[in-house]
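One structure below.
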Amino acid sequence: MISCTSKNPFLTEWDTPYGTAPFSKISTEHYMPAFEAGLAEQKASIQAILDCPDAPTFENTILAYENSSPILDRVQGVFFNLAESDSTPEMQEIEEKVTPLITEASNEILMNVKLFERVKAVYEHPEALTREQYMVTKKIYQAFERNGVGLDEAAKKRFAEISTRLSTLSQKFGQNLLAENNAFKEATGITVSEYYDFMSSCDDRAKREQVFKAYSSRGNNGGEHDNNAIVLEILKLRAEMAGLLGYPNFAAYQLSDKMAGDPATVDNFLQPIMDAAMRKAAEEIKDMKAVAGHDIEAWDWSYYAEKVRALKYALDENQTKPYFQADSVLKGVFTAAERIYGIRIEPAPEVEVYNPEVSAYRLSNADGSLLGIFYRDYYVRSTKRGGAWMNNFREQSEGVRPVIVNVCNFPAPTPEVPSQLTIDNVQTAFHEFGHALHGFLTQCKYKTVSGTSVARDFVEMFSQFNENFAFVPEILAVYAKDYRNGEPIPAELIEKISKALKFNQGFMTGELCAASILDMKWHELSSEQLASFKGPEDIKAFEAKVCAEMGLVDEIIPRYRTTYFNHIFNSGYSAGYYSYLWSEVLAVDAWEKFKEDGIFNKSTADSFRKTFLEKGGSEEPMTLYHNFRGADPDPSALMRARGLE
0 MISCTSKNPF LTEWDTPYGT APFSKISTEH YMPAFEAGLA EQKASIQAIL DCPDAPTFEN
60 TILAYENSSP ILDRVQGVFF NLAESDSTPE MQEIEEKVTP LITEASNEIL MNVKLFERVK
120 AVYEHPEALT REQYMVTKKI YQAFERNGVG LDEAAKKRFA EISTRLSTLS QKFGQNLLAE
180 NNAFKEATGI TVSEYYDFMS SCDDRAKREQ VFKAYSSRGN NGGEHDNNAI VLEILKLRAE
240 MAGLLGYPNF AAYQLSDKMA GDPATVDNFL QPIMDAAMRK AAEEIKDMKA VAGHDIEAWD
300 WSYYAEKVRA LKYALDENQT KPYFQADSVL KGVFTAAERI YGIRIEPAPE VEVYNPEVSA
360 YRLSNADGSL LGIFYRDYYV RSTKRGGAWM NNFREQSEGV RPVIVNVCNF PAPTPEVPSQ
420 LTIDNVQTAF HEFGHALHGF LTQCKYKTVS GTSVARDFVE MFSQFNENFA FVPEILAVYA
480 KDYRNGEPIP AELIEKISKA LKFNQGFMTG ELCAASILDM KWHELSSEQL ASFKGPEDIK
540 AFEAKVCAEM GLVDEIIPRY RTTYFNHIFN SGYSAGYYSY LWSEVLAVDA WEKFKEDGIF
600 NKSTADSFRK TFLEKGGSEE PMTLYHNFRG ADPDPSALMR ARGLE
């Protein structure tokens, strides 16, 4: 390992523009030695904290802990981003090796009683800390508590075993789903990201049924990529872990440090939304049956919804797609951010990228000071997991600006035709850049609380808030131009889009809320209840029971069924998928403030930036919200925004 130090880019500082990753110098052979060196460095740093003879302070304990692993931070920032967006068999093999090593090292640190005592000593004297230092200390203190530091030795050992096994299972779930997504494409000729578009336009009902069944059975087809056994083991281990810490179920454990606080609060929040969505869905079914002349099945919904939309609003997405070319949409995303927050975004060709399809950009304040570097990775690839996300290659802290990526699965351009986006794709582009802005505009001193390092049911507020700018006429005028002739999108088409945005909300809200409830109900099961679950039939039966109890109509299925619910089994949203709707209440209420004051009101935008985006997790979420809005959020704002009142 030492002999390759001079050749391994992770083991030296990067002499590159803005300190970004030198991707062309990184090979798969570099990862494992870098992980090993990073873990060794971290272990030595933690030992230095333990050996410190001085009384615990924020600087010699909390800050030293936060800065204990620069090599590991570098290699993890690159590896795990590329493992999601360029997941080759070689990368998957490394992931399988390194995941348990990282988990074991984390367990060793977070179960170290001597280290916890030092952290606790700092935590118990908040008067010696700034508010941000207190929030950093609180977060680290809670991490120790939530990872079993107070358990007896036997329970600690079991907790560590569970943590390691869960990390391996989650990684395997994601790899299986990637394989299933690629198998879906082979079987149907379309990618997972093209599913809804296909289902809304395919005239062949039998073909729609075939595609629907292939899509909704991913991870549930038997064979080496089946996720049923993995799901059950994950759920049982999570419930056992929660029990070790004294919680009745995993949902109670997960929610104990979130805004919602407990499962009952989430359940009581979700069910009225589901009820309203199903009332709207009943109206939508009636409209579709009138057009179809027969009963509606799940594989008919998107197709006939599009027919009804064309009748009600004279809006066909084939009319809008030419105006939503991917590069132009990105221009709109950037223009909105520049106009609202007074920043500048420009290409950064000097910054190396990890794939030829990726583009790099420099973000700066109006005075030219650097905000960070942005990678745009928009197009579908067979090595990229499904969905869309924002992530950091490098976190922000005092004197360090972030490096952030937005990854999507939009249709790839061809030599003849550029990538054309659906209305939903356009909203996704704005959504993910909302997360990026949260990461770029943060001005925290400590990375533990910078940017998107906030409670899970708070983090989606900013991404959902940013979606509102997608179809503002002043922003559309900048980016929505026909790629064939440069003509701007007609005013009447903008009006149609505006009216149609609340269309089909029974379905859209229903499938989202159904997935949120399914997530909660799985994680509200105790170890004793889960003991009776043995295989795929039990999973299927539980899903059916939950869907019936929540009132989900037969014509709609949850947005994610259990065996392909990547958010909750591989992406940190376990007992947390509700956060999209929870955060939307905050986002919609904040948007109403913008509309009251004028969307481009500089004072309101500056307040939003300074109150929220710059603060990260350096203050309690509701305190920040009150500082901006002056009141609690209005729960009915979500119903109004979705047209469900």
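At position 66 of the sequence shown (counting the first as 1) the number is 65 in numbering that gives the first Met the number 0, and the numbers step up by one without a gap. Even for Gly, the Cβ is constructed at its ideal location relative to N, Cα and C.
{"query": "First and last residue of the alpha helix (DSSP H) that includes L643?", "result": "Careful: L643 lies outside any alpha helix (DSSP H) and carries neither H nor E."}
{"query": "Give the single residue among Y17, P16, Y30 whose Cα lies nearest to the Cα of L10.", "result": "Y30"}
{"query": "Using a Cβ-Cβ cutoff of less than 6 Å, which residues in the same chain neighbour L637 once the five nearest sequence positions on both sides are dropped?", "result": "E583, V584, V587"}
{"query": "So S526 packs on G242, CB below 8 Å; how close in whole Å?", "result": "6 Å"}
{"query": "Strictly by DSSP, which residues pair up with A359?", "result": "Y374"}
{"query": "Check S2 in the structure and name its three-state DSSP category.", "result": "Below a pLDDT of 50, predicted positions are generally treated as unreliable, and S2, at 41, falls in that range; no measurement from the model is reported."}
{"query": "Under a three-way DSSP split, which group does F392 fall into?", "result": "strand"}
{"query": "Given T427, which residues of its chain have a CB within under 7 Å of its CB, disregarding the five upstream and five downstream residues?", "result": "A387, C407"}
{"query": "Would you report the Cα separation of E349 and A63, rounded to the nearest angstrom?", "result": "33 Å"}
{"query": "Across which residues does DSSP place N405 in a beta bridge pair?", "result": "R375, M389"}
{"query": "Rank A325, L492, I284 by C-alpha distance to the C-alpha of D315 and give the top, closest one.", "result": "L492"}
{"query": "Is the Cβ-Cβ distance between E466 and F429 less than 7 Å?", "result": "yes"}
{"query": "Taking the straight line between their C-alpha atoms, what separation do you get for G18 and N175?", "result": "34 Å"}
{"query": "Can you tell me the Cβ-Cβ gap for K171 and I229, rounded? I've got them flagged as a contact below 8 Å.", "result": "6 Å"}
{"query": "If you reduce the DSSP assignment to three classes, tell me which class E283 lands in.", "result": "helix"}
{"query": "Could you tell me which residues DSSP puts in a beta bridge with R343?", "result": "S363"}
{"query": "Since R483 is in the alpha helix (DSSP H), which residue starts that stretch and which ends it?", "result": "Premise fails: R483 is in no alpha helix (DSSP H) and is neither H nor E."}
{"query": "How many whole angstroms separate the CB atoms of T382 and S86, which I take to be in contact at a CB cut-off of 8 Å?", "result": "5 Å"}
{"query": "If we ignore side chains and look at the alpha-carbon of each, how far apart do K138 and L440 end up?", "result": "21 Å"}
{"query": "Would you kindly report the start and end of the unbroken alpha helix (DSSP H) that includes M460?", "result": "455-466"}
{"query": "CB-CB under 7 Å to I1, same chain, minus the five flanking residues each way: which ones, in chain order?", "result": "Below a pLDDT of 50, predicted positions are generally treated as unreliable, and I1, at 40, falls in that range; the measurement from the model is reported next regardless. The answer is none, since no qualifying residue turns up."}
{"query": "Would you be able to state if there are at least three C-beta pairs under 8 Å between the region 569-580 and the region 453-464?", "result": "yes"}
{"query": "For Q419, which residues does DSSP report across the bridge?", "result": "Q324"}
{"query": "Quick one: measure Cβ to Cβ for Y140 and K119, integer angstroms, because I've assumed they're closer than 8 Å.", "result": "7 Å"}
{"query": "Considering K96, what are the terminal residues of the alpha helix (DSSP H) in which it resides?", "result": "88-109"}
{"query": "So V404 and Y374 are supposed to be a Cβ contact under 8 Å. How far apart are they, rounded?", "result": "4 Å"}
{"query": "Exposed or buried, what is A547 when buried is set at 16 or more other beta-carbons lying within 10 Å of its beta-carbon?", "result": "exposed"}
{"query": "Consult DSSP for L369 and reduce its assignment to one of helix, strand or coil.", "result": "strand"}
{"query": "Based on the DSSP output, what are the partners of V121 in its beta bridges?", "result": "For V121, which the question treats as bridged, DSSP gives no partner whatsoever."}
{"query": "So, Q41 versus L71, is the Cβ gap smaller than 7 Å?", "result": "yes"}
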